[in-house]
């Protein structure tokens, strides 16, 4: 349970940091970040595997780089699912850049949280 809560909090903090770096990637409050982290987790669990399966040929051709596009689409879907919640992505480019920044920031935060374990 502790691991889940730390991961959830780490993702929410990563979303807040990403919103400060990427223009068009908007997280208004910590509560919005916590809700967004849950929604992103659900979208990654349900929709991302389907997108990954359907996009496998192009992902193979691009040597895995199309995965960045899939990540951007899943973030964009998550923001579309939660209108008015304080989590908004204004277009594909902010979703694309946000997915890259979010991956890096999340990795750093999760590494810091794991060092304490």
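Residue numbers (the working numbering): 6 to 122. C-beta: ideal position from N, C-alpha, C; glycine also.
In this structure, how does DSSP classify residue i when only helix, strand and coil are distinguished?
i: residue 68; result: coil
i: residue 15; result: helix
i: residue 88; result: coil
i: residue 60; result: coil
Measure the C-alpha to C-alpha separation of residue i and residue j and round it to an integer number of angstroms.
i: residue 93; j: residue 99; result: 10 Å
i: residue 80; j: residue 112; result: 17 Å
i: residue 61; j: residue 34; result: 36 Å
i: residue 105; j: residue 46; result: 16 Å
i: residue 97; j: residue 7; result: 34 Å
Look up residue i in the DSSP assignment and give the residues it is bridged to.
i: residue 30; result: 94
For my contact list, residue i and residue j are in at a C-beta cut-off of 8 Å; report their separation, rounded to the angstrom.
i: residue 110; j: residue 19; result: 4 Å
i: residue 36; j: residue 103; result: Not quite, the Cβ-Cβ distance comes to about 19 Å (not below 8 Å), so this is no contact.
i: residue 50; j: residue 17; result: Contact flag wrong, Cβ pair sits at about 17 Å.
i: residue 95; j: residue 29; result: 4 Å
i: residue 53; j: residue 75; result: 7 Å
i: residue 90; j: residue 40; result: 6 Å
With a threshold of 16 other CB atoms inside 10 Å of the CB of residue i, please say whether the residue is buried or exposed.
i: residue 84; result: buried
i: residue 101; result: buried
i: residue 32; result: buried
i: residue 67; result: exposed
i: residue 63; result: exposed
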